[in-house]
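Please read the structure below before turning to the comments.
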Amino acid sequence: MHDELVDHLTRSTPLNRGEALRVIQDVLAYFDETTEEYVRRRHRELQAQGQVNATIFERIAAELKYRAVAPPELTLRQLRRIVYG
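Here the sequence shown is numbered in my numbering, starting from -15 and rising by one per residue.
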């Protein structure tokens, strides 16, 4: 699976084949997270850093645009509903 990408990484980096495959699997697992899971996780992380909800939700809204498969743009209210139901 992903042989072309593994080959590319082994040619363009000092990674061996096994390391390249692990990196690819890690990246795919990171981006496999649903939008809802991502919003909840980021909310917890930013809250743990002492940020307030107003700042948190604006930051999450900005970050979502850069996900591998960008979800539809969510309003701040929609983000809050994902976290708090």
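Even glycine gets a Cβ: it sits at the ideal position worked out from N, Cα and C.
Own chain, CB closer than 7 Å to residue i, minus 5 neighbours either side, in chain order
{"i": "Arg65", "result": "none"}
Range of the contiguous alpha helix (DSSP H) that encloses residue i
{"i": "His(-8)", "result": "-13 to -4"}
{"i": "Gly34", "result": "Counting along the chain, Gly34 falls outside any alpha helix (DSSP H), and DSSP gives it neither H nor E."}
{"i": "Ala13", "result": "1 to 15"}
{"i": "Leu63", "result": "60 to 68"}
Beta-carbon contacts of residue i that lie in its chain and below 8 Å, excluding the five residues immediately before and after
{"i": "Arg51", "result": "Phe15, Thr19, Tyr22"}
{"i": "Arg77", "result": "A question about residue 77 goes unanswered here, because the residues of the chain that appear run from -15 up to 69."}
{"i": "Glu42", "result": "Leu60"}
{"i": "Thr(-3)", "result": "Ala4"}
Residue i in three-state terms, based on DSSP
{"i": "Ala45", "result": "helix"}
{"i": "Glu57", "result": "coil"}
Member of the options whose CA lies at the smallest distance from the CA of residue i
{"i": "Gln9", "options": "Arg(-5), Asp(-13), Glu29", "result": "Asp(-13)"}
Cβ shell of residue i (< 6 Å), same chain only, five flanking positions each side left out
{"i": "Leu(-1)", "result": "Leu(-7)"}
Stretch-stretch touch, CB-based, cutoff 8 Å, three pairs: the stretch 51 to 61 with the stretch 15 to 35:
Three or more beta-carbon pairs drawn from the stretch 51 to 61 and the stretch 15 to 35 are found closer than 8 Å, and the two stretches are therefore classed as touching.
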